[in-house]
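Each protein sequence line maps, in turn, to chains A, B, C and D. Here the first sequence stands for residues 1 to 519, where the numbers follow this note's numbering. Here the second sequence stands for residues 1 to 99, where the numbers follow this note's numbering. Here the third sequence stands for residues 1 to 282, where the numbers follow this note's numbering. Here the fourth sequence stands for residues 1 to 646, where the numbers follow this note's numbering. Cβ coordinates follow ideal geometry from the N, Cα and C atoms, glycine included. First up is the structure itself, then whatever we jot down about it.
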Amino acid sequence: MSFLLTATAALPALGAIATAAVPAAKRNAAKWLALIVSLATLVLAAIVLVRFDPGGDRYQLTESHAWIKDFGVRYELGVDGIAVALIALTALLIPFIILAGWHDADPLETGNKRWRPTQGFFALILAVEAMVIISFEATDVFLFYIFFEAMLIPMYFLIGGFGDRAHEHGEEAASTQRSYAAVKFLLYNLAGGLIMLAAVIGFYVVAGHFSLQTIAENGVPEMATSTERWLFLGFFFAFAVKAPLWPLHTWLPNAMQESTAPVAVLITAVVDKVGTFAMLRFCLQLFPEASKWATPAILVLALISIIYGALLAVGQRDMKRLVAYASISHFGFIIMGIFAMTSQGQSGATLYMVNHGISTAALMLVAGFLISRRGSRLIADYGGVQKVAPVLAGTFLIGGLATLSLPGLAPFVSEFLVLVGTFARYPVIGIIATLGIVLAALYTLVLYQRTMTGPVKAEVEGMPDLRVRELVVVAPLVVLLIFLGVYPKPVTDIVNPAVKQTLSDVQKQDPKPEVEAAK
Amino acid sequence: MNPVNYLYLAALLFTIGATGVLIRRNAIVVFMCVELMLNACNLALVAFSRMHGNLDGQIIAFFTMVVAAAEVVVGLAIIVSLFRSRHSASVDDASLMKL
Amino acid sequence: MTQFAAAATLSAGTSTGEAFQFWVLGTIAVLGALGTVFMKKTVHSALSLAGTMIILAVFYLANGAYFLGVVQIIVYTGAIMMLFLFVVMLVGVTAADSLKETIKGQRWLALLCGLGFGILLVAGIGNAALTEFDGLAQANAGGNVEGLAALIFTDYVFAFELTGALLITAAVGAMVLTHRERTERAKTQRELAEQRVREGKHLPPLPAPGVYARHNAVDIAGLLPDGTPSELTVNKTLRDRGQIRDVSAQALNDLKALERRAEDRLERTNSGSNGKNGEASK
Amino acid sequence: MENLIALLVAAPLLGAAVLLCGGRRLDAVGHWLGTALAAASFVIGVVLFADMAGKDAEHREIGQHLFSWIPVEGFQADVAFQLDQLSMTFVLLITGVGSLIHVYSIGYMEHDERRRRFFGYLNLFLAAMLLLVLADNYLLLYVGWEGVGLASYLLIGFWQHKPSAATAAKKAFLVNRVGDMGLSIAIMLMFTTFGTFAFGPVLESTGETSEGMLTAIGLMLLLAACGKSAQVPLQSWLGDAMEGPTPVSALIHAATMVTAGVYLIVRSGEIFNAAPDAQLAVTVVGAVTLLFGAIVGCAKDDIKKALAGSTMSQIGYMILAAGLGPIGYVFAIMHLVTHGFFKAGLFLGAGSVMHGMNDEVDMRKYGGLRKYMPVTFVTFGLGYLAIIGFPGLSGFFSKDKIIEAAFAKGGTEGWILGGVALLGAAITAFYMTRVMLMTFFGEERWQPAPDPDKAPSVEPGIEVHPGEMPHPHESPKVMTIPMIVLAVGSVFGGAFFSIGDRFIHWLEPVTDHAHGHPPISALAVTMSTVAVMVIGVGLAWLQYGRRPVPVVAPRGSLLTRAARRDLLQDDFNHVVLVRGGEHLTRSLVYVDHTLVDGVVNGTAATMGGLSGRLRRIQNGYARSYAVSMFGGAAILIAATLLMRAV
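And the structure:
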């Protein structure tokens, strides 16, 4: 029994404590510490990736210790292909997030010796990383639940405590809106979490244990159809809030709009993934029948998310809100892929989680750099940036093209897989969903046109191009987008077996092509 | 006669005391009513101990008395300091619990 | 002592004597309780409560709780009630708060709850009424006090110690609450005078209370020239207690009465004198 | 040999990567590098062609499997190439014309400080286009398909500081996306039907599925073709695309990219053959666009837009031919190639004219230019003759064959289509003659150069002094030579192809060819073609050659005015799509804020109000609290008693 997984989660946690403990004056030391810790975590994640054998058992690198004996709660960790991919994604993104947010928590007036929030900012980011990673690793429902909920606390402070500098309505309005967004985020997710808690308890009552590994061995515990459905809904609700699925999405735009770009990336690219991941791992594995029962409704909701999110993105005047609604649309795709119950759909969905993380990070972080230069989030305040800051514009365009899933960039692969997978079983939904492609192009290009092209606005004159730090953040993401777009095989190889497993959980086979079916 | 009557009496006194607590405004009187209630309880306890033929009831009553003594001391001290601060012994004047 | 003996013998049954005692004293106890609640003046409440307590003491004795009976008399009626009276004195003997309710519906709610509660209790007791019961005969065999002592110092010793601690704490707490630390030295007459001058209000000494030569009249406001009483003349504490006796009206009546009586007397003398004068004028 | 195929794509791709990431230090050599790589690609193409020509017809198809792209359970997408005669034709056209236009651009973009980037984009386009024609499965084709879309987006919007350019670029991309939707749906249909989307398996097993399914796939492919090839109803972007630099218009929006739709349909021939309804739809679209473009071309005064209209109409011919099935495929491709030559030549000529006229695009302000820029005049003239189908020149052969095939479709359809094609030929002759006359003949109607501030449409870097009269001059060699080469191609191309049915034999193995038998003799068709051409020219001469051309356009007939506005297509789009979309999104934003969000906030508000009311009970009087306590105790006792009673 190795302790690799524990280490992967524990390292950032300890790093968070250490970072928080750095004395106020040593601000930069805290930043470097956080960065180094996140990189070390990345190394550990890489080791996990290497040690993981796609052909091997379902859960690998498992650890299992009794924890709360009376309730059969165990400290049980283990990863399958999907989890590995997402852990890698998380560990990969955090350093960029830290680097991008390098100055976001600096004191407003320089030489403020007693200023501590800087330490807090980076400590919180590391704490979130730790919790996300462990909730990807947990194979014990209760253990997962704990960190699924605990995540909210650092996120709450990150959203409520740190926002963009130079807000258009002044710092007062900014802080009130921030706290509104933070509270909204907390309430939505807590509501979901509490309902899930009830379901978790219910599950314990039915199953008598929380262990996924046991289930993997002994199969799903017997339960009445109605019970299973109720429990499923309880779990799904929480994940749908987190994901977020229409109509539970309204917390995301506020949260992403008010928080700084790195935190926004943290929300949508890292934390929300736990929701979709949990749908795959818990909803489908624990309640296969109920999942199949709920599939049509969920698909419709996902479809609404896709179209609705895209349309609202078109209507936004605030670029961060725009990205938020775009993300809602993409999460619609992910959920659709999961519940299409085809191997293309689910592989696509998993791939989508990874790609969406990278592409949103690229787009959002560049947008953040842009905002930090001009001090406004309103699209209308920009224009002609492309002329003064071509590199910034170029990376922004690539991020945008990734968002509209241009072939050759990573998101295309996943999106197309999802569409094909859905289409194979539900042609109508698949066709309507393809409308999302057009709408995505619309909002991305409109955003790019309004901000980057046209005559140079006076406020934009002399705007500096990307600095080295920013380039270090964006360039790898862009490279990754292109690489995974051209050669996604490494990821798919890891993901496919796990997807196969999940499909066998729900006892679904891919629909045969008409021609073969005829034979 | 059935000693249960003592219990009835205790209940009666207790109720009267409670009602007094509710309707009197003078802190001292309220306090006395509380004492009345305590005494009613003691009576009940004594009666119990007689019924069950052991002395535990009396012990409890004894402790009640001791505690009551302590309580009276503190309570009266509070009343006095209250009166000092706001020149009134009415419990309604100390209605600071309202937001 | 004979009574104690009689009580001591009490076992299963109860003597008619005890029944008689119960009904008589019980009635009085209830009356006392009602008095405590409904008496206008605090002192009266206190006294009626004391009465009730004494009666309870008797009941304890009757129930074979000799030690408690005595303690009841000594501690409650002796100490606690006296403490109450002291406080009443501090806060004001004659301070009679009106029984008029200020909180809307409070009284009716209170009475309703009280009534319901009482009924419930009675019902409960009636419900649980146990007909046969074993007296304290053998429990008190070795003497009631010894029995208590045995229990207190064995089973209940811990609670006993705790109550000891509690009492100490209570005493200290009471002192803390009531004792007022004097932070600066008392002002001398001169300083007070200077302060008055500085504040520039009421330079001369306060006016003396009205004098009404029937008894000590410090609680009677002195009358201003227009016959209205002036609060200023009364001691501050009394003012706070609202114990100012406004005798302006009474004083006038008394004066009238005096004059009438004087007139009668004079009438007589007048007539006489008139006669004399008349005679003298003749 | 196979391994060279990847190099075809790799060379320009490398160029694009180097030029776009290289930074300013490459500004000096960037254009040469780009051109060199394009040429290299062309050379490779020629080598492969030589090799292919050496083999016998049956074994000419070669392929190369690079790596497995998206391996997922039951879903196999590879990066693999297939080079057969059809692809080869395109490869030569793309790389050949592409290289020429690279050369031309060296001169044309000389003064633009972002020339390096321009060449980067051009290389990117070449790579994507080659990927499109070399892919051996529809998904990879889709990648190239969108790739050329991206390149065209970047190139149309190359002068991004011009809002009009940025808007045109966005419009082009969006309209194309609608088409792409069709393509992706077609691919999904193929996947669910055949379990694969590689050309080979799909096209071989068309017989095993229902005609309805094939029709559906065909229509979806047609939608895609409409988007890329600017066919009705997705034609609206092509006119605006002229905002891009002229070489771009020549290469992308005339010679190569816009013909991708034709390639798609011809490539998927088997599907269409088995789905006559889809085929009919294709012919109809082709015929309609053919007339649409021609009419638009007649009304435009902007030389590039006139040419754009003509492009639309010529591609209409090709689509029409492709819709005719085996009797048309070859001619569609043949016309595509010849058109590639002469239309590119015409555009380059137009560019050269603009170059000499301070970037004036309004033909009404040209006139009498033939003696000032002779080379341009000659090359443009040859291209002109070719496009109107002057006997002996390339356009004549290809177009004539298409008309013939149209008649050969037989039945009323055949007559209608043939008639339309003939009419189109007449109109083509008319508007091309119009362009020719207005530009090179007649009196000089030159105007002083506009103030660049007022008219931002002036391309940057070309020194224009406001108010200065243009002094037309012949363009430098680097620009004229490509024009000459193309002119040669447009003169002899057709003859070269048709003599001995060379082209038919070349393509037959891929797109099986059937000789159509028109109800009237081929000679009669040819005669009538020539006749209508002469009529068109004559009309144009009466209109623009005899009378002087007014500098300010006359109000014109209703049709003219409609045609000037692209037959109101944009107005339609604006009213229906743009406005409607705006309203939709705005109302949705409102709904999201009030309804979806409102529900939640409403709940919160209710809670707040409720607690506010409950707060009144807390009056702060200890006694009233005591009452509730007492009552509570009473209730508890009652409860216990009841429980015991029960």
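Own chain, CB closer than 6 angstroms to Asp51 (chain D), minus 5 neighbours either side, in chain order: The residue labelled residue 51 (chain D) in the question sits at position 51 within the fourth sequence. Only Met1 meet the Cβ criterion.
For Val262 (chain D) and Gln231 (chain D), what's the separation of their Cα atoms in angstroms? Residue 262 (chain D) sits at position 262 when you count from the first residue of the fourth sequence. Residue 231 (chain D) sits at position 231 when you count from the first residue of the fourth sequence. Cα to Cα, the separation comes out at about 11 angstroms.
Chain D beta carbons: is any one of them nearer than 8 angstroms to that of Ser343 (chain A)? Here residue 343 (chain A) refers to the residue found at position 343 when the first sequence is read from its first residue. Cβ-Cβ to chain D under 8 angstroms: yes for Ser343 (chain A).
Pro456 (chain D), DSSP secondary structure in three states: Residue mapping note: residue 456 (chain D) aligns to position 456 of the fourth sequence, counting from 1. For Pro456 (chain D), the predicted model reports a pLDDT of 44, less than 50, meaning its position is unreliable; a value from the coordinates is still stated below. If DSSP states are grouped into helix, strand and coil, Pro456 (chain D) belongs with coil.
Status (buried if at least 16 other CB within 10 Å, exposed otherwise) for Ser504 (chain A): Taking the first sequence and counting its residues from 1, the one referred to as residue 504 (chain A) is at position 504. Ser504 (chain A) is exposed by the Cβ-count criterion.
Give every residue of the same chain whose Cβ lies closer than 6 angstroms to the Cβ of Tyr384 (chain D), excluding the five residues on either side of it in the sequence, and list them in chain order. By 1-based counting over the fourth sequence, the position of residue 384 (chain D) is 384. Only Met432 and Met436 meet the Cβ criterion.
Identified DSSP bridge partners for Val354 (chain A): On the first sequence, residue 354 (chain A) is found 354 positions in, with the first residue counted as 1. Answer by DSSP bridge pairing: none, since Val354 (chain A) is not bridged.
If you measure between the beta carbons of Phe14 (chain B) and Ala40 (chain B), is that distance less than 8 angstroms? By 1-based counting over the second sequence, the position of residue 14 (chain B) is 14. By 1-based counting over the second sequence, the position of residue 40 (chain B) is 40. It is a contact, given that the beta carbons lie within the stated cut-off.
Could you check the C-alpha separation between Gln235 (chain D) and Leu477 (chain A) for me, to the nearest Å? Locating residue 235 (chain D) in the fourth sequence gives position 235, where the first residue counts as 1. Locating residue 477 (chain A) in the first sequence gives position 477, where the first residue counts as 1. Each residue's alpha carbon lies about 36 angstroms from the other.
Look at the Cβ atom of Gly207 (chain D), then the Cβ atom of Thr453 (chain A), and state whether they are nearer than 8 angstroms. The sequence position of residue 207 (chain D) within the fourth sequence is 207, counting from 1. The sequence position of residue 453 (chain A) within the first sequence is 453, counting from 1. For the pair Gly207 (chain D) and Thr453 (chain A), the CB atoms are not nearer than the 8 angstroms cut-off.
Checking the sheet assignment: what are the DSSP bridge partners for Val79 (chain A)? On the first sequence, residue 79 (chain A) is found 79 positions in, with the first residue counted as 1. Val79 (chain A) is bridged to A:Gln60.
Please decide whether Tyr590 (chain D) counts as near chain B, where near means a Cβ-Cβ distance under 8 angstroms. As a working note, residue 590 (chain D) is residue 590 in the fourth sequence. Judged by the 8 angstroms Cβ criterion, Tyr590 (chain D) is not in contact with chain B.
Does Ala626 (chain D) get closer than 8 angstroms to chain B when you measure Cβ to Cβ? Within the fourth sequence, the letter at position 626 stands for residue 626 (chain D). At a cut-off of 8 angstroms between C-beta atoms, Ala626 (chain D) counts as an interface residue with respect to chain B.
Below 8 angstroms between beta carbons: does that hold for Ala135 (chain D) and Leu126 (chain D)? Numbered from 1 along the fourth sequence, position 135 holds the residue referred to as residue 135 (chain D). Numbered from 1 along the fourth sequence, position 126 holds the residue referred to as residue 126 (chain D). Their beta carbons are not under 8 angstroms apart, which means Ala135 (chain D) does not touch Leu126 (chain D) by this criterion.
Quick check on the burial criterion: 16 or more other C-beta atoms within 10 angstroms. Buried or exposed for Ile74 (chain C)? Along the third sequence, read from residue 1 onward, the residue named residue 74 (chain C) stands at position 74. So Ile74 (chain C) counts as exposed.
When we look at the beta-carbon of His162 (chain A) and count the other beta-carbons within 10 Å, is it buried (16 or more) or exposed? Looking up residue 162 (chain A) in the first sequence gives position 162. Per the sequence shown, the amino acid found at residue 162 (chain A) is Phe instead of His. Label assigned to Phe162 (chain A): buried.
Simplified DSSP assignment, three categories, for Asn235 (chain C): The residue you call residue 235 (chain C) lines up with position 235 of the third sequence. Correct three-state label for Asn235 (chain C): coil.
Using a C-beta cutoff of 8 angstroms, does Gly623 (chain D) count as contacting chain B? Taking the first residue of the fourth sequence as 1, we reach residue 623 (chain D) at position 623. The sequence as given places Arg at residue 623 (chain D); Gly does not occur at that position. Cβ-Cβ to chain B under 8 angstroms: yes for Arg623 (chain D).
Beta-carbon of His335 (chain D) versus every beta-carbon of chain A: anything under 8 angstroms? Within the fourth sequence, numbered from 1, the residue matching residue 335 (chain D) stands at position 335. It does not: the Cβ of His335 (chain D) has no partner Cβ on chain A nearer than 8 angstroms.
Where does Met527 (chain D) land, buried or exposed, given buried means 16+ other C-beta within 10 angstroms? Within the fourth sequence, residue 527 (chain D) is the residue found at index 527, counting from 1. Note on Met527 (chain D): under 16 other CB atoms within 10 angstroms of its CB, so exposed under the neighbour-count rule.
Apart from the five residues just before and just after Ala68 (chain B), which ones in its own chain have a Cβ nearer than 8 angstroms to its Cβ? As a first step, residue 68 (chain B) must be located in the second sequence, where it is residue number 68. Only Glu35 and Leu38 meet the Cβ criterion.
Per DSSP, what are the beta-bridge partners of Pro229 (chain C) in this structure? Numbered from 1 along the third sequence, position 229 holds the residue referred to as residue 229 (chain C). According to DSSP, which records beta bridges pairwise, Pro229 (chain C) is partnered with C:Leu223.
Taking 7 angstroms as the limit between beta carbons, can you name the residues of its chain near Pro54 (chain A), skipping five residues before and five after? Looking up residue 54 (chain A) in the first sequence gives position 54. Contacts found: Gly81, Asp493, Ile494 and Pro497.
Have a look at Leu7 (chain D) and Leu66 (chain D) and give me their C-alpha separation to the nearest angstrom. On the fourth sequence, residue 7 (chain D) is found 7 positions in, with the first residue counted as 1. On the fourth sequence, residue 66 (chain D) is found 66 positions in, with the first residue counted as 1. The straight-line gap from Cα to Cα measures roughly 11 angstroms.
I want to see whether chain D comes within less than 8 angstroms of Lys489 (chain A), judged by CB atoms only; does it? For the purposes of this step, residue 489 (chain A) is identified with residue 489 of the first sequence, where counting begins at 1. Chain D, which has a Cβ nearer than 8 angstroms to the Cβ of Lys489 (chain A), makes this yes.
Cβ shell of Ile462 (chain D) (< 7 angstroms), same chain only, five flanking positions each side left out: As a first step, residue 462 (chain D) must be located in the fourth sequence, where it is residue number 462. Because the pLDDT of Ile462 (chain D) is 49, which lies under 50, any placement of that residue in the model is unreliable, and the question is left without a value.
How would you list, in chain order, the residues of chain B whose beta-carbon sits under 7 angstroms from the beta-carbon of Thr163 (chain C)? Within the third sequence, residue 163 (chain C) is the residue found at index 163, counting from 1. Those are Phe63, Val66 and Val67, listed as they occur along chain B.
Is there a C-beta anywhere in chain D that falls below 8 angstroms from the one on Leu22 (chain B)? Translated into the one-based positions of the second sequence, residue 22 (chain B) becomes position 22. It does; some Cβ of chain D falls within 8 angstroms.
Counting only C-beta atoms, is Gly461 (chain D) closer than 8 angstroms to chain A at any point? To locate residue 461 (chain D), count along the fourth sequence from 1; it is residue 461. Because the pLDDT of Gly461 (chain D) is 44, which lies under 50, any placement of that residue in the model is unreliable, and the question is left without a value.
Which of helix, strand or coil DSSP assigns to Ala138 (chain A): Reading the first sequence from its first residue, position 138 is the one you call residue 138 (chain A). Three-state result, Ala138 (chain A): strand.
Once you ignore the five residues that flank Gly516 (chain D) on each side, which residues in its own chain have a CB closer than 6 angstroms to its CB? Counting from one through the fourth sequence, the residue named residue 516 (chain D) turns up at place 516. Excluding residues up to 5 positions away in sequence, Ile327, Ala405 and Ala408 lie with their Cβ nearer than 6 angstroms to the Cβ of Gly516 (chain D) in the same chain.
Compare the C-alpha of Met89 (chain C) against each of B:Ile28, B:Asp56, B:Leu22 and B:Gly20 and name the closest. By one-based count along the third sequence, residue 89 (chain C) stands at place 89. Nearest of B:Ile28, B:Asp56, B:Leu22 and B:Gly20 to Met89 (chain C), Cα basis: B:Ile28.
Proximal residues, the segment 116-129 of chain C versus chain B, C-beta separation under 7 angstroms: Residues Phe117, Gly118, Leu121, Val122, Ile125 and Ala129.
Kindly indicate if chain D contains any beta-carbon less than 8 angstroms away from that of Leu109 (chain C). On the third sequence, position 109 is the one that residue 109 (chain C) refers to. Any Cβ of chain D closer than 8 angstroms to the Cβ of Leu109 (chain C) would place that residue at the interface, and such an atom is present.
Kindly list, in the order they appear in chain D, the residues whose Cβ is closer than 7 angstroms to that of Val74 (chain B). Reading the second sequence from its first residue, position 74 is the one you call residue 74 (chain B). Near Val74 (chain B) there are no residues of chain D at all, since even the closest Cβ is about 16 angstroms away, more than 7 angstroms.
Sheet register partners of His65 (chain A) (DSSP bridge): Walking along the first sequence from the start, residue 65 (chain A) turns up at place 65. Partner(s): A:Tyr75.
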